[in-house]
Amino acid sequence: MSTCDAMQLCRFYLPGQGARLGLVAGGSVVDLTASRRPEYATLSSLLRASVATPIQALLQRVSGSALPAYAYRDLDREPAAGIPHLLPPVDRQEVWAAGVTYAWSREARVREARTKDVYVRVYEAERPELFFKSIAEKVVGPHDWIGLRGDSHWNVPEPELALVLNPALQVVGYTIGNDVSSRDIEGENPLYLPQAKIYRHSCALGPVITLAEPAAPGVIPLAIHLTVRRAIAGQPDAIAFQGETSTAHMHRDPHELAAYLGRYNDFPDGAVLLTGTGIVPGDDFTLQDGDHVLIKIEGIGTLRNPVRQM
Ligand code: DO4
Ligand code: MG
C-alpha cells in the first residue's frame, strides 16, 4: 500500500438522493453514482467489477469533471436526515474480524480471562481466530455514536486496520475499524464472545477507503494511533487514553487472514475484515458516556466517534 497518493473512495448521503459512492480527490468528493454507469452505482457493484479489472483502471474510465462534486469538509459531520454526510464504507458487505493477532492483545486477554490458554493457543496456531462482527446495515460511520452495553462495566475501543475485500477475497482497499468490545463479558467465558462483540453500535468503520495498489504484495507498515478524549476536572477535551502501534507488529499476514475468511464461504458483494487490535488500554480503563474515540491510521485518515451509554 502506498500511503501518499493512493486513491480514496467514500460513501455519502445526499438528502433526496440517498446513498452515493464518491471518489475523494484534493478535498472534493466526486459523485460516482451520478455517472449512471452500473459499476460505479454502489460500493458492491464496484467490488464485483474489480474481480475482472482493478478499481484504479475502472476509475480511469470515468470523467470526474462531468460529475457533481462536494467539499469533503461539508460531508465530514455528524449524520442527520436533512444534511449531506459521510456514510459507513459498506453497503452489503459482511464485516468479520480477526482476533489475537498482536502479542499485546494476547497478553491483555490472558489477564482478563478465566479460560486463559485459548488465547495463547490461537496466537500460535496456524488457523487464525475469525469471528463475525456485523452486517452492513448495523455498522456506524464517522461521527455516529458507538455504544456501551448496560450489562457490562468494562468496555474498550479496539482500533484496527480493516481490509476491504472483493468477492475474490482480494485486498482492494483499507479502512479504519473500531471493534468496540466488552472485556468483562468476554473474560468471563470465551463462549460469550458474540455478546462481547456484537451489539447495537459496536462496529464503526470509516471515514474512507484507501485503495490498495493492485500489484503490491503486502501491507507496508502503517502507524495506528488511538486517542480517547473525555471531560476531566473542568477540561472538556482532556486525554483519557492515548496509545499507538504499527501493523508491523501484526503476527499474521493480512492476505492470509483474507484467504482463511474465504475458505468454504462466499461473499458475492465482497467483505470487510478487521485485522485485530494491537492497542489495549490498561486494565483500569473503561470507556464512558460522552467520551470521544479517535483512531488515526497513516494513509487512511481519522475515524471519530462519540460514546453513548445504552
Ligand atoms: O479473542 C477475542 C477477540 C480478539 C480481538 O478482537 C482482537 O484481538 O482484536
Ligand atoms: Mg478486535
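All you need for our numbering is the position in the sequence shown, starting with 1, plus 19. The C-beta atom is built at its ideal place from N, Cα and C for all residues, glycine as well.
Across the structure, residue 77 and residue 173 are spaced so that their CA atoms are roughly 45 Å apart. Only exposed fits residue 146, as fewer than 16 other CB atoms lie within 10 angstroms of its CB.
For residue 328, the three-state secondary structure derived from DSSP is strand. Of the candidates 284, 270, 320, the residue whose Cα lies closest to the Cα of residue 139 is 270. Beta-bridge partners of residue 197 (DSSP): 178, 223.
About 34 Å separates the beta carbons of residue 104 and residue 211, which is beyond the 8 Å limit, so they are not a contact pair. The set of residues with a C-beta under 5 Å from any non-hydrogen atom of the ligand MG comprises 177, 198, 296, given in chain order.
A Cβ-Cβ distance of about 11 Å is found for the pair residue 314 and residue 264, leaving them out of contact under the 8 Å criterion. In this chain, the alpha helix (DSSP H) harbouring residue 213 covers 212 to 216. Residue 204 counts as buried, since at least 16 other C-beta atoms from the protein chains shown sit within 10 angstroms of its C-beta. A distance of 8 Å or more separates the beta carbons of residue 141 and residue 135.
At the C-beta level, residue 301 and residue 221 stay beyond 8 Å of one another. If only complete runs of 3 or more residues are kept, the segment 59 to 107 shows the beta strand (DSSP E) at 88 to 90, 104 to 106, in order along the chain. By the C-beta density criterion, residue 55 is exposed, having fewer than 16 other C-beta atoms within 10 angstroms. About 19 Å separates the beta carbons of residue 186 and residue 107, which is beyond the 8 Å limit, so they are not a contact pair. A residue is called buried once 16 or more other Cβ atoms fall within 10 Å of its Cβ, and residue 202 is buried on that count.
If you draw a straight line from the Cα of residue 171 to the Cα of residue 326, it comes to about 14 Å. Selection 24, 67, 238 evaluated against residue 181 yields 238 as nearest (Cα-Cα). Distance from the CA atom of residue 195 to the CA atom of residue 43, rounded to whole angstroms, is 16 Å.
For residue 114, the enclosing beta strand (DSSP E) has its first and last residue at 113 to 118. Three or more beta-carbon pairs separated by less than 8 Å are not found between the segment 82 to 97 and the segment 63 to 73, which leaves the two stretches without contact. Spanning the alpha carbons of residue 213 and residue 150 requires a straight line of approximately 8 Å. Between residue 177 and residue 109, the alpha-carbon positions lie close to 19 Å from each other.
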